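Going letter by letter, the sequence shown gives residues 23 to 218 in our numbering.
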Amino acid sequence: MKKESSKIVYEVPASAERHPHTVPWIIAAVFALCVLGYGVWQYGPLDEGVYSVPVVSPEGNLGAYDAALVVAQKEAKAWQSSALVASFEPRETTNERGDALTWRFIFTSSAKEDVGYIVEVKDGEVTFKEEATVNALGVPMPSNAKTIDEAIAEVRAMSGRADAHIEGVEALSNEDGVWYWGVRTDKGTISVKMEK
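This is how it looks when you write it as structure tokens:
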């Protein structure tokens, strides 16, 4: 600092004289980043295809068919309060565990003879429903049912099936009211009794 006749004079560094607009540009850049950050926070990413939206199971941490069954049962109960599931199967390619994005359920009711209700569920939403003539009988599922994983393990434990490729898993009941898992493999379909 230099004193000149009671005035205070500030010396400006040489670098600031060469770039007089540096500070406004820094302020503008910080402001732009804040606006961009607020926009992403408030409205999400610009390209939603980059991020996958997690699918939340409607009833907690259930397997793929379990979650779809809950949704389908609600729809079937609206059709007939006495509706019981008669069979269900994946409608798309499944992984080795039997999970699929779309499941088809057939329900029957004692109130409607020879008529059933077909419900398809995809990603937790009913995508198709129709009353139709069916040759099936809905029965309560066993409370101590084997899981899909247990049915697959049972098939793999069978002689000659240890290396079988699992193509899918479906469920059906017979005329005696007994539920079975139908484990489809490259060596044929194996029926595994659902009740433990």
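In this text, a Cβ means the ideal position worked out from N, Cα and C, and glycines have one as well.
Keep in mind that this is a model prediction, so the values were computed, not measured.
- Closest in C-alpha terms to Trp201, from the list Lys215, Gly190, Ser131, Ile174, comes Lys215.
- Secondary-structure assignment with DSSP links Glu142 through a beta bridge to Arg126, Phe150.
- Per the coordinates, the alpha-carbon of Leu58 lies some 12 Å from the alpha-carbon of Ala50.
- Around Ala105, the same chain offers Gln95, Ala98, Lys99, Phe129, Thr130, Ser131, Tyr139, Gly160 as residues with beta carbons nearer than 8 Å, after the five sequence neighbours per side are excluded.
- Contact between Gly210 and Ala193 is absent: CB atoms are separated by about 17 Å, not below the 8 Å threshold.
- Contact annotation: Pro112 and Val177 have beta-carbon atoms that are not nearer than 9 Å.
- Residue state for Val200 is assigned as coil, using DSSP reduced to three classes.
- Around the CB of Trp125, 16 or more other CB atoms lie within 10 Å, so the residue is classed as buried.
- Secondary-structure assignment with DSSP links Arg206 through a beta bridge to Gly190, Thr211.
- If you check the CB distance, Val137 and Val156 come in under 9 Å.
- Between Trp47 and Val148, the alpha-carbon positions lie close to 54 Å from each other.
- In this structure, DSSP gives Asp171 a helical state, which the three-state scheme calls helix.
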